[in-house]
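Report on one structure; see the data block that follows.
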Amino acid sequence: MVAKKSRIVIIGAGMAGVTAANKLYTAAGSKDLFELVVVEGGERIGGRINTSEFGGDRIEMGATWIHGIGGSPVHKIAQEINALESAHPWECMDGSSDEPTTVAEGGLELEPDVVDPISSLFKNLMDYAQGKQVFDESPERECNGDFEYSKLGDEASRICASNDDVGKLSVGSFLRQGLDTYWVSKKNRDEQVSVYTNWSRMLLQEAIFAMHENIQRTYTSAGDLLTLDYNAESEYRMFPGEEITIAKGYLSIVQSLASVLPPGLIQLGKKVRKIQWQPDNRKNKGYESDTRPVKLHFSDGSVLLADHVIVTVSLGVLKASIRQDSGMFNPPLPRFKTEAISRLGFGVVNKLFLQLGSIHAPPKSQDFSKFPFLQMVFHRADSELRNKKIPWWMRKTASLCPLYHDSSVLLSWFAGEEARALEALSDEEIINGVSQTVSSFLSQNSHSHELCNGNGNPEENSEVKFSKVLKSQWGSDPLFLGSYSYVAVGSSGEDLDSMAEPLPSDDSGSAASSSPPLQILFAGEATHRTHYSTTHGAYCSGLREANRLLQHYQLVGVQKNYY
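Numbering of the sequence shown is given in UniProt numbering, commencing with residue 1 and proceeding in unit increments.
So this is what it looks like as structure tokens:
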């Protein structure tokens, strides 16, 4: 009599799910012990990785960057499959390494000696919060723009030590304390005089600082940095080396991992409605006589029984499942798991692509090389000096820049409420709002008369033209309900560890005997303590759960290092 193989079902064909499937399928001896199925609710693989095209350029609607090439498993795969070079133009963002053009609202280009001290201040504060930099008394630390960063370090330490509830200290409050300290130190050195029309020095510095805060919002997905936990920030890790994009598209990584899987193993359009499991070995209604402990119900009415299920859905979907009491898990997830899901943050970050140029002029007759890597410094939303034609959803956007030096496609990033608002806007509303904004910023700038149709005549080119737009919509997509996770104030790295705990859990520390082990496992970027929010974090989590099952079946030894 042939022994029945165990069945492993992976929910989700994003980076974590496909990585787990790749590892399980290719492990020596695995095909003799278990059968493997991947179910994906959408009609494509990749999850929050979604390579597309716009304006003749290859773009990323979701994950974009390899965050550090030194030791990154994603970079290693990209090298192995020759994905880092392409003859097809792509979102390489080569202009982001150049000196940006920073312009204040009203069209006033700011000199580096105005921008750089505040940019350095913000960078040093974030380095300190992330544990990258110790503010010592060495000469190179002592002075930057006549400001002693050692005093900033002392003040930052004082904030942490004197805070009444250290567990509720946010990155946002820390940053603003650092800016206040900077101003106090400069009070007797610089007069607070007007340096540009409609801008005092202090207002300008605050606006530059706010621009960097808005960039940080897109990095972290925290719509408000006051909700981003300060203490957990130092646990986050990046790989060393430069940050780069993938010439042949991020999706090429997932496709490479999936290429070893036989046709039909990944089933698309299979949206899971309910996961029944047996935490105490008592069968739920509807199990009949089958011995497999997990039963998956799909939206199309079909069911699938499994011995082990790896859940790789986003934290946003998990939050919705417990908030709406949707019955996605039956019985419900244990308290330690739902509390971790509730406390952790999951934000929305969207990308907006705009085709630059006139609809009526042929592309070859238009010169797109003059559009700068534009950083935008806005007046405060409540300022009487603000341009009221600029829509509110543009005011926390930090930059607008070409995908590469002579690309006709511009890119801007949105986070939080602005990102959600963007999803509901029509193309016409977006084009009008961005056009009003760009016109305000470039109206007096030296670049402004060279941007539009390429003939350099300011009378004929009174405004920048956009012909079409494309936006991501991660917040409203029911398969994701957001972009990526962050450690919110009130949560901690321990919650990320709790996210990774398989079910049923064994609080006693002994082998579980009352119910089948490892019924539900969890993978995805929100289950990695130090690499959350990243594709390599998702990759490592997929390896972790695959190895957990391989160890259970004694196909591999104990694996401890998942980056």
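Ideal Cβ placement from N, Cα and C applies to all residues, glycine included. Only a predicted model underlies this, so the values are computations on that prediction, with no experimental measurement involved.
Gly542: which of Asp113, Ile310 and Ala247 sits nearest, CA to CA? Looking at the Cα atoms, Ile310 is the closest of the given residues.
Does Ile66 come out as helix, strand or coil in the three-state DSSP assignment? strand
Applying the 10 Å Cβ sphere with the 16-neighbour rule, what's the burial state of Gln324? exposed
With DSSP collapsed to three states, give me the class of Ser138. Its pLDDT being 44, under 50, Ser138 is placed unreliably in this model, and the value from its coordinates should be taken loosely. In the displayed model, Ser138 falls within coil according to three-state DSSP, outside both helix and strand.
CB-CB under 6 Å to Lys244, same chain, minus the five flanking residues each way: which ones, in chain order? Here residue 244 is Ile; the residue named in the question, Lys, does not match the sequence. Excluding positions up to five away in sequence, the list reads Ile66.
Looking at C-beta atoms only, is the number of pairs between the segment 338-356 and the segment 313-321 that lie closer than 8 Å three or more? yes
For Ala28 and Ala419, I'd like the C-alpha separation in whole angstroms. 45 Å
In whole angstroms, what separates the C-alpha of Arg217 from that of Gly223? Cα-Cα distance, rounded: 6 Å.
Excluding five sequence neighbours on each side, which residues of the same chain lie with their C-beta closer than 8 Å to the C-beta of Glu501? Phe336, Lys337 and Phe522
Would you list the residues sitting across from Leu422 in a DSSP beta bridge? DSSP lists no partner for Leu422.
Host beta strand (DSSP E) of Cys401 (start-end): Ser399 to Pro402
Quick one: measure Cβ to Cβ for Phe209 and Phe122, integer angstroms, because I've assumed they're closer than 8 Å. 6 Å
Is the segment 79-95 close to the segment 422-433, with three or more CB pairs under 8 Å? no
Using the Cβ count rule (16 or more neighbours within 10 Å means buried), how would you classify Asn82? exposed
Is the number of C-beta pairs between the segment 59-77 and the segment 224-234 that are closer than 8 Å three or more? no
Just the Cα atoms here: how many angstroms apart are Ser505 and Leu496? 16 Å
Compare the C-alpha of Gln519 against each of Gln554, Thr291 and Val74 and name the closest. Proximity to Gln519 across Gln554, Thr291 and Val74 peaks at Thr291, based on C-alpha coordinates.
Excluding the five sequence neighbours on either side, which residues of its own chain have a C-beta within less than 7 Å of the C-beta of Ile45, listed in chain order? Correct list, in chain order: Ala13, Val18, Val254, Ala258 and Ile266.
Between the C-alpha atoms of Leu204 and Asp113, what's the straight-line distance to the nearest angstrom? 13 Å
Given a cut-off of 7 Å on the beta-carbon distance, is the pair Val348 and Gly482 in contact? yes
Residues of its chain near Ser234, where Cβ-Cβ distance is below 8 Å and the 5 sequence neighbours each way are ignored: The beta carbon of Ser234 lies closer than 8 Å to those of Ala129, Gln130 and Gly131 in the same chain, with the five residues before and after it left out.
According to DSSP, is Arg529 helix, strand or coil? coil
Using DSSP with H/G/I as helix, E/B as strand and the rest coil, what is Pro458? No answer about Pro458 holds up, because its pLDDT of 37 lies below 50 and its placement is not dependable.
In the structure shown, what three-state DSSP assignment does Arg386 receive? coil
If the criterion is Cβ atoms closer than 7 Å, does the pair Arg237 and Thr530 meet it? A contact, by the Cβ cut-off of 7 Å.
Buried/exposed call for Ser508, threshold 16 Cβ in 10 Å: Reliability fails at Ser508, whose pLDDT of 37 lies under 50, so the model's placement of it is uncertain and no value is given.
Residue range of the beta strand (DSSP E) that includes Asp307: Where Asp307 is concerned, there is no enclosing beta strand (DSSP E), given that its DSSP letter is neither H nor E.
In whole angstroms, give me the CA-to-CA distance for Thr64 and Ser491. 27 Å
With DSSP run on the structure shown, which of helix, strand or coil describes Lys274? strand
From Leu175, Ser326 and Lys248, pick the residue whose C-alpha is nearest to that of Ser120; which is it? Closest in C-alpha terms to Ser120, from the list Leu175, Ser326 and Lys248, comes Leu175.
With a cut-off of 8 Å on the beta carbons, I'd call Asp229 and Ser170 a contact; round off their distance for me. 7 Å
Could you check if Pro263 is buried or exposed, using at least 16 other CB atoms within 10 Å of its CB as the buried criterion? exposed
Pairwise C-alpha distance: Tyr182 and Arg544: 44 Å
Report the option in Gly41, Met394, Leu470 and Leu374 whose CA atom is closest to the CA atom of Lys274. Gly41
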